[in-house]
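Chains as they are written, first to last, in the UniProt record's numbering: chain P, 1 to 270; chain C, 1 to 270.
Where is the CB? At the ideal position from N, CA and C, for every residue including glycine.
Okay, so here's the structure we're looking at.
There are 2 protein chains.
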Amino acid sequence: MRSTALIAGAGALPRLLIEAAPEMLVCQLEGGAALSASEVLRFRIERLVPFFDALAERGITRVCMAGAMQRPRLEPELFDARTAALVPRLVGAMQAGDDATLRAVIGLFEEFDFEVIGADAICPDLVPGAGVLCGMPGPEDERDALRAAEIVAALGAVDVGQGAVVARGLCLAVEALPGTDAMLDFVAEHRALVGALLAAPKAGVFFKAPKPGQDRRIDLPALGPRTVAKAAAAGLAGIVFEAGGVLLLDRDQTVQAAEAAGIFLWGHNR
Amino acid sequence: MRSTALIAGAGALPRLLIEAAPEMLVCQLEGGAALSASEVLRFRIERLVPFFDALAERGITRVCMAGAMQRPRLEPELFDARTAALVPRLVGAMQAGDDATLRAVIGLFEEFDFEVIGADAICPDLVPGAGVLCGMPGPEDERDALRAAEIVAALGAVDVGQGAVVARGLCLAVEALPGTDAMLDFVAEHRALVGALLAAPKAGVFFKAPKPGQDRRIDLPALGPRTVAKAAAAGLAGIVFEAGGVLLLDRDQTVQAAEAAGIFLWGHNR
């Protein structure tokens, strides 16, 4: 991984990747809180092309973007001429939304001959494949998972959400802007509504997947111990995620939490 | 309306229709709370065909189904032979869900030569058409309404919800089993999340429409003063409903409540 640069944003993911491959070159946007890496190369969007040159000079051939990055304000006086020539493309992408911005940034790295890799190429454990990690999902859980997957796919087509909760075929909630935790809290609050329909003490699944057509190398949705706690509090039987499509942060801790709460974790192949 | 029978379930709608056309024959499933109509003809699902005969004998040619009906338990010993012959169809439809049950019941009425009409045929004011009932929606509200309509249409295709909340293009919530009130409470709770993105004190619309392909003669979604209060508490600019697709119960009171809260009510043609 000596030839790999980590473009590190905020959150737990960059730290986990640095632990897995400490020999990577860590790069951060100027202005962000410094990571505890041996050396951090700071860069600015206004001088992106010189940054690409600096990476190439150090023998970097692959880059991995990880963690949330805020859109920086651009200072016109800092641009070099080659980066300035890229501005129309960058600004257009930024105005078209987060996904477009990320696709544009990936495209730029690739134009400058860097290979863009996902977090799973550095630490495969972070992105579990197909299989049950704990617990025992039954046929009703699988039916709920398939129904939820269908709902999430329909929503993805209109660029909404990456998750839904289905219990015995009933859609209890759909993820929107407020996010996963808010949705699971909502289910916990309204579960009594459907209690009469559900014989089992725990029923229903939370299903999580990337948006259809999303580039799997960046910005995958994440699950962790907190998600497990919220899903358990919502009375669900388990969490189903798309195999290879979701980051499982703190895997051991997440699996232990799920085992303790008696809920299953299942990587599902569509 | 002397030749019209009202098949009355629970809720405010049957009462409003009886007030609008008191000469209708009011029919109720045995077991439900009696309505204050001059005469109520009670019927049982197990004796549906004799009930059809009784309607025809009284000169009934049109029926309107209004209000929520619980699925009754069937008592095998009460069936007559002709109704018993219909059981396989009825049971199949009941197991396929609410929409299928209603379609099957409409189909039976039609087979027995009754015309099935919607509540709007009795009281047109109940189902407003296109037009702004109060307030002044702006171009941003229309964009939000179109985005929400697109989301609701995508969800309808997977048989979920009839409503969504969109503010400045952001999907704040999607209606699922817990219903409209629960969704609007959720928006009220999480609105602070997007407050920074929204300059206006009120922004966003709640959009409500029937499911795509739904028979408009039965089971239309409803709006009322309570919906207005919840939408106002959620900080929304207004409520948009599909023209001709939503019941507006207590129209005067609903419009007054919206005017008092400073939010618009808009019947929108897709």
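Open item on the list: For the structure I just gave you, are there three or more beta carbon pairs, one from the stretch 1–14 of chain C and one from the stretch 44–63 of chain C, closer than 8 angstroms?
Closed with: yes
TODO: Starting from the beta carbon of L184 (chain C), find every residue of chain P whose beta carbon is closer than 7 angstroms, and list them in chain order.
DONE: Residues of chain P passing the Cβ test: none, with the nearest at roughly 12 angstroms.
Task: Under the three-state DSSP convention, the category L155 (chain P) falls into - done: Correct three-state label for L155 (chain P): helix.
TODO: In the DSSP assignment, find the unbroken alpha helix (DSSP H) run with E57 (chain C) in it and report its ends.
DONE: 48–57
Open item on the list: Whole angstroms are fine: how far does the CA of R82 (chain P) sit from the CA of V174 (chain C)?
Closed with: So the two alpha carbons sit approximately 45 angstroms from each other.
Open item on the list: Pull the bridge partners of V63 (chain C) from the DSSP assignment, please.
Closed with: C:A5, C:V116
- [ ] Find the residues of chain P that neighbour A176 (chain C), judging by a C-beta separation of less than 7 angstroms, and give them in chain order.
- [x] C171, L172, A173, V174
Open item on the list: Looking only at its chain, what residues have a beta carbon closer than 6 angstroms to the beta carbon of M183 (chain P), apart from the 5 residues adjacent to it on each side?
Closed with: When the five nearest sequence neighbours on each side are left out, the beta carbons in the same chain lying within less than 6 angstroms of the beta carbon of M183 (chain P) are those of A173, E175, in order along the chain.
Open item on the list: With a threshold of 8 angstroms between beta-carbons, can L146 (chain C) be considered close to chain P, or not?
Closed with: Among the CB atoms of chain P, none fall inside 8 angstroms of the CB of L146 (chain C).
Open item on the list: I need the straight-line Cα distance from A100 (chain C) to A85 (chain P), nearest angstrom please.
Closed with: 60 angstroms
TODO: Over the uninterrupted alpha helix (DSSP H) stretch that includes L108 (chain C), give me the two end residues.
DONE: 98–111
- [ ] Could you confirm whether any beta carbon from chain C is found closer than 8 angstroms to the beta carbon of H190 (chain P)?
- [x] yes
Open item on the list: Which of the three DSSP states is assigned to K208 (chain C) in this structure?
Closed with: Note: K208 (chain C) maps to strand in three-state DSSP.
Open item on the list: Please tell me whether G238 (chain C) and L220 (chain C) are closer than 8 angstroms, where the distance is taken between their beta carbons.
Closed with: No, the pair does not count as a contact, with Cβ atoms beyond the cut-off.
Open item on the list: Distance check for C171 (chain P) and G135 (chain C), CA to CA, integer angstroms please.
Closed with: 34 angstroms
Open item on the list: Buried or exposed for E46 (chain C), going by 16 or more other Cβ atoms inside 10 Å?
Closed with: buried
Task: the stretch 99–124 of chain C: positions lying closer than 7 angstroms to chain P by Cβ - done: none
Task: CB-CB length for I106 (chain P) against V160 (chain C), believed under 8 angstroms - done: Actually they are not in contact, since the Cβ atoms of I106 (chain P) and V160 (chain C) sit about 33 angstroms apart, beyond 8 angstroms.
TODO: Starting from L236 (chain P), find everything on chain C with Cβ-Cβ shorter than 7 angstroms and list it in chain order.
DONE: Within 7 angstroms Cβ-Cβ: nothing; L236 (chain P) doesn't reach chain C, min ~14 angstroms.
Task: 8 angstroms Cβ cutoff met for R2 (chain P) and E23 (chain P) - done: yes
Open item on the list: I'd like the span of the beta strand (DSSP E) that includes L265 (chain C), first residue to last.
Closed with: 264–268
TODO: Kindly say whether E242 (chain C), judged by its beta-carbon, lies nearer than 8 angstroms to any beta-carbon of chain P.
DONE: no
TODO: Tell me whether L16 (chain C) sits in a helix, a strand or coil according to DSSP, three-state version.
DONE: If DSSP states are grouped into helix, strand and coil, L16 (chain C) belongs with the helices.
- [ ] Excluding the 5 residues preceding and the 5 following L249 (chain C) in the sequence, name in chain order all residues of the same chain whose CB lies nearer than 6 angstroms to its CB.
- [x] Excluding residues within five positions, the ones whose Cβ falls inside 6 angstroms are A12, A222, G224.
Open item on the list: Please list, in chain order, the chain P residues whose beta carbon lies closer than 9 angstroms to that of V158 (chain C).
Closed with: Within 9 angstroms Cβ-Cβ: R147, E150, I151, A153, A154, L155, C171.
Task: Nearest-angstrom Cα separation, counted from R71 (chain P) out to L90 (chain P) - done: 11 angstroms
TODO: On a CA-only basis, which of P:I218, P:G131, P:T254 is nearest R226 (chain P)? Give me that one, please.
DONE: For R226 (chain P), the nearest C-alpha among the options comes from P:T254.
TODO: Report yes if the CB atom of V240 (chain P) is closer than 8 angstroms to the CB atom of F207 (chain P), and no otherwise.
DONE: yes
TODO: Return yes when the Cβ of A231 (chain P) is within less than 8 angstroms of the Cβ of Q162 (chain P), no when it is not.
DONE: no
Open item on the list: Does R217 (chain C) pass the burial test, meaning 16 or more other C-beta atoms within 10 Å, or should it be called exposed?
Closed with: buried
TODO: Using the DSSP secondary-structure output, state which residues sit across from L223 (chain P) in a beta bridge.
DONE: P:L248
- [ ] In the DSSP assignment, find the beta strand (DSSP E) that holds Q28 (chain C) and state where it starts and stops.
- [x] 25–29
Open item on the list: If I follow the unbroken alpha helix (DSSP H) through V127 (chain P), where does it start and stop?
Closed with: Element bounds for V127 (chain P): n/a, residue is neither H nor E.
Task: Burial state of G78 (chain C), where buried means 16 or more other Cβ atoms lie within 10 Å - done: In the sequence on display, residue 78 (chain C) carries Leu and not Gly. Classification of L78 (chain C): exposed, given that the 10 Å Cβ count is below 16.
Open item on the list: I'd like to confirm the pairing. Which residues does DSSP put opposite F241 (chain C) in its beta bridges?
Closed with: C:K208, C:G267
Open item on the list: By alpha-carbon positions, which one of P:G67, P:A260, P:P124, P:E189 ends up nearest to G244 (chain P)?
Closed with: P:P124
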